[in-house]
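K.L.:
The structure's right below; bear with me while I get my questions together.
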Amino acid sequence: MNYSDEEILEIFKKTEALLEGHFLLTSGRHSNVYFQCAKVLQYPKYNELLSSIIASYFNTFEIDTVIAPAIGGIVVGQEVARQLNKKFIFAEREDKTLTLRRGFSIKEGEKVLVCEDVVTTGGSVFEVIDIVKSHNAIVQGVGFIVDRSNGKVNFGFPQMSTMKIDAISFPAEECELCKKGLQLVKPGSKKIPH
Ligand SMILES: [Zn+2]
């Protein structure tokens, strides 16, 4: 199945994963867009649909194993692996460093697809790529649901996202949306009065 950008965008809006307006981010900056991937992935049918776009893209690639960084990447990686009928493992933080635990291992020469939910700077994915390389295994590609990097992140392997979200953000004191008098909203809580 092929899905248009509009159809995918509609799913993100319908599930309130993507909100448009005037938001206070945890960084303190103000943005015109708020995005919470877990809001869409809480519905298995949408995870199945979005992951199918990644799975079909990498369908012709030789892959032994799908790996994802915890936590956000796990539901996506698991579903992509299920659809490709491959093994799935995840890396999790131990003393701030992503590592393989729970008896997970990667063999030399193993062909690995890296999955993630959202890529902003790509830090977690780069860490997982390093784990794969450290086992002398082969990264075949990187698939993720949303690219929030404004096209800046290049992992150096075939990569694809189901959607790109370009957000504008401002330091609070220079916010164009404040200047327009738009009400500021802190996502997940009540509206903040001016
Ligand atoms: Zn503002």
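In the numbering used here, the protein residues as written are 748 to 941. Beta carbons: idealized from backbone N, C-alpha and C, even for Gly.
(1) In three-state DSSP terms, what is Gln906?
(2) Under 8 Å between the Cβ atoms of Val893 and Ser908?
(3) Excluding the 5 residues preceding and the 5 following Lys833 in the sequence, name in chain order all residues of the same chain whose CB lies nearer than 8 Å to its CB.
(4) Using only alpha-carbon positions, find the residue among Thr844, Val866, Ala919 and Arg848 that is nearest to Asp877.
(5) Ligand 1: which residues have Cβ under 6 Å from any of its heavy atoms, chain order?
(6) Keeping to the same chain, check which residues put their C-beta closer than 6 Å to that of Leu929; ignore five residues upstream and five downstream.
(7) I believe Ser778 touches Ser881 by the beta-carbon criterion, under 8 Å. Please report the beta-carbon distance rounded to the nearest angstrom.
(8) Given a threshold of 16 other Cβ atoms within 10 Å of its Cβ, counted over all protein chains shown, does Gln887 qualify as buried or as exposed?
(9) Check Asn794 in the structure and name its three-state DSSP category.
(10) On the CB-based measure, 16 or more other CB atoms within 10 Å of its CB, does Ser798 come out buried or exposed?
(11) Grab the span of the alpha helix (DSSP H) containing Asp752 for me, first residue to last.
(12) Skipping 5 residues on each side, what residues in its chain have a beta carbon closer than 7 Å to that of Val889?
(13) How close, in whole Å, do the beta carbons of Glu767 and Val780 come, if the pair is a contact with beta carbons under 8 Å?
(14) Output the boundary residues of the beta strand (DSSP E) element that contains Asp864.
(15) When burial is assigned at 16 or more other CB atoms within 10 Å of the CB, is Lys760 buried or exposed?
(16) Determine whether the beta carbon atoms of Leu831 and Ala838 lie at a separation below 8 Å.
(17) Go ahead and pull the three-state DSSP assignment for Leu845.
(18) According to DSSP, is Arg895 part of a helix, a strand, or is it coil?
P.N.:
Judging by the given coordinates:
(1) Sequence index remark: in the sequence shown, residue 906 carries index 159 (1-based). DSSP places Gln906 in the strand class (E or B) of the three-state scheme.
(2) Within the sequence shown, residue 893 is the residue found at index 146, counting from 1. Within the sequence shown, residue 908 is the residue found at index 161, counting from 1. Yes, Cβ-Cβ distance for Val893 and Ser908 is below 8 Å.
(3) Residue 833 sits at position 86 when you count from the first residue of the sequence shown. Counting only Cβ-Cβ distances below 8 Å, and skipping sequence neighbours, we find Ile810, Asp811, Thr812, Val813 and Leu860.
(4) Residue 877 sits at position 130 when you count from the first residue of the sequence shown. Of the listed residues, the one whose Cα sits closest to Asp877 is Thr844.
(5) His769, His777, Cys922, Leu924, Cys925 and Leu931
(6) On the sequence shown, position 182 is the one that residue 929 refers to. Closer than 6 Å at Cβ, skipping near neighbours: His769.
(7) Locating residue 778 in the sequence shown gives position 31, where the first residue counts as 1. Locating residue 881 in the sequence shown gives position 134, where the first residue counts as 1. Actually they do not touch by this definition, with Cβ atoms about 36 Å apart.
(8) Residue mapping note: residue 887 aligns to position 140 of the sequence shown, counting from 1. Classification of Gln887: buried, given that the 10 Å Cβ count is 16 or more.
(9) Here the question's residue 794 lines up with position 47 in the sequence shown. Three-state result, Asn794: helix.
(10) Here residue 798 is taken as the residue at index 51 of the sequence shown, counted from 1. So Ser798 counts as buried.
(11) Start at 1 with the first residue of the sequence shown, and residue 752 comes out as number 5. Asp752 -> alpha helix (DSSP H) spans Asp752 to Lys761.
(12) Start at 1 with the first residue of the sequence shown, and residue 889 comes out as number 142. Once the five neighbours on either side are set aside, the close Cβ partners of Val889 are Val861, Val872, Phe902, Phe904 and Gln906.
(13) Position 20 of the sequence shown holds residue 767. Position 33 of the sequence shown holds residue 780. Glu767 to Val780, Cβ: 6 Å. Contact.
(14) Walking along the sequence shown from the start, residue 864 turns up at place 117. Start and end: Lys858 to Val866.
(15) On the sequence shown, position 13 is the one that residue 760 refers to. When all chains shown are included, Lys760 counts as exposed.
(16) Here residue 831 refers to the residue found at position 84 when the sequence shown is read from its first residue. Here residue 838 refers to the residue found at position 91 when the sequence shown is read from its first residue. Not in contact: Leu831 and Ala838 (Cβ atoms no closer than 8 Å).
(17) Along the sequence shown, one-based indexing puts residue 845 at 98. Leu845: strand per DSSP, three-state reduction.
(18) As a working mapping, residue 895 is identified with position 148 in the sequence shown. Three-state DSSP puts Arg895 in coil, outside helix and strand.
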